[in-house]
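A.B. asks: Taking the UniProt record's numbering, the leading residue of the sequence shown gets 1, the next gets one more, and so forth. Positions of the beta carbon are idealized from the N, C-alpha and C atoms, including for glycine.
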Amino acid sequence: MGCCKSKREPSYVYTTTCRSPAGFECSKTYTTYWSDGTVMNESKYFAPYRVNDHNDQGRRMYPEYVAAMVIKHPKNPPNITDFESDCLDEHNLARARHGVGPLALDKKLCKFATEWAQELANRNRLHNREDPRYGENLYMACGKNVTARDPVKAWYTELWSYSYHNPTFSSNTGHFTQLVWKNSEKLGVGMATSGGNTFVVCNYYPPGNFAGEFPSNVPPPL
């Protein structure tokens with residue numbers, strides 16, 4: 001059994017173990033810490049092979065690894081919702097497909113995102129917040145119960161419009177590129193409802209989608 005090196009970053013421990021034959025089996029474990037050093041969560045992804053979802057035309061829409069995900073949630077700090085925690089897990093599963101390190105949930109950034117989600121619910125329409133300090137992804141759904149996977153899946157499907165041969169910003173792929181942006185480290189999650197509409201806001205720090213930095217920050221799937 002071959003074993004890849006482990007690395008420690010300021011907010012998490014990232015361990016990857018690969019078994020022969022190369023690429024056939026791979027498990028990844030992320031341990032995310034709060035700033036005081038306590039464990040926020042530990043996520044283990046086991047990815048033996050790929051599957052694809054299809055739409056009516058048979059086009060590949062959401063490639064993913066069949067993953068058995070074991071999540072251990074120790075005692076979380078107060079005011080962290082299941083939706084915020086689940087959204088973090090969905091982000092990090094998508095990022096793992098590209099060999100990018102996981103994000104850490106930031107409580108202040110969650111408050112920031114929730115405030116804007118509530119503002120969007122009050123306006124009952126999507127509108128980007130003009131704040132260059134943070135990256136931002138927005139999602140709106142009508143008449144359905146929104147899970148954390150829904151917005152991340154919608155943003156990630158933009159992968160099929162992204163060109164690795166011409167890695168630049170596009171309004172058709174900007175949600176995807178921010179989602180997997182390598183240099184982003186912190187995530188804020190907000191959700192609010194208005195009637196039958198649900199609004200989800202995710203903020204990222206440092207922000208992504210900077211011109212000239214796409215080749216080094218948006219790697220192709222492993």
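Using C-beta distances below 6 Å, list every residue in its chain close to R125, excluding the 5 sequence neighbours before and after it, in chain order.
C.D. replies: There are no such residues.
A.B. asks: Please say whether E115 and Y204 have beta carbons closer to each other than 9 Å?
C.D. replies: For Y204 and E115, no; Cβs fall outside 9 Å.
A.B. asks: In terms of DSSP beta bridges, what is K182 paired with?
C.D. replies: For K182, which the question treats as bridged, DSSP gives no partner whatsoever.
A.B. asks: The beta strand (DSSP E) with residue 231 in it runs from where to where?
C.D. replies: For the chain, the structure presents residues 1 to 222; residue 231 sits outside this window and is missing.
A.B. asks: Output needed for N122: all residues of its chain with C-beta closer than 8 Å, excluding positions within five of it in sequence on either side, in chain order.
C.D. replies: Once the five neighbours on either side are set aside, the close Cβ partners of N122 are S194.
A.B. asks: Within 8 Å, do at least three Cβ pairs link the segment 95-115 to the segment 183-192?
C.D. replies: Verdict: yes, contact present.
A.B. asks: G212 to V180, Cα distance in whole Å?
C.D. replies: Approximately 16 Å between the Cα atoms of the pair.
A.B. asks: Does DSSP classify E136 as helix, strand or coil?
C.D. replies: Strand.
A.B. asks: Since V201 is in the beta strand (DSSP E), which residue starts that stretch and which ends it?
C.D. replies: Note, V201: beta strand (DSSP E), 197-205.
A.B. asks: List the DSSP bridge partners of A117.
C.D. replies: Answer by DSSP bridge pairing: none, since A117 is not bridged.
A.B. asks: CB-CB under 6 Å to N183, same chain, minus the five flanking residues each way: which ones, in chain order?
C.D. replies: Same-chain partners within the cutoff: P206, N217.
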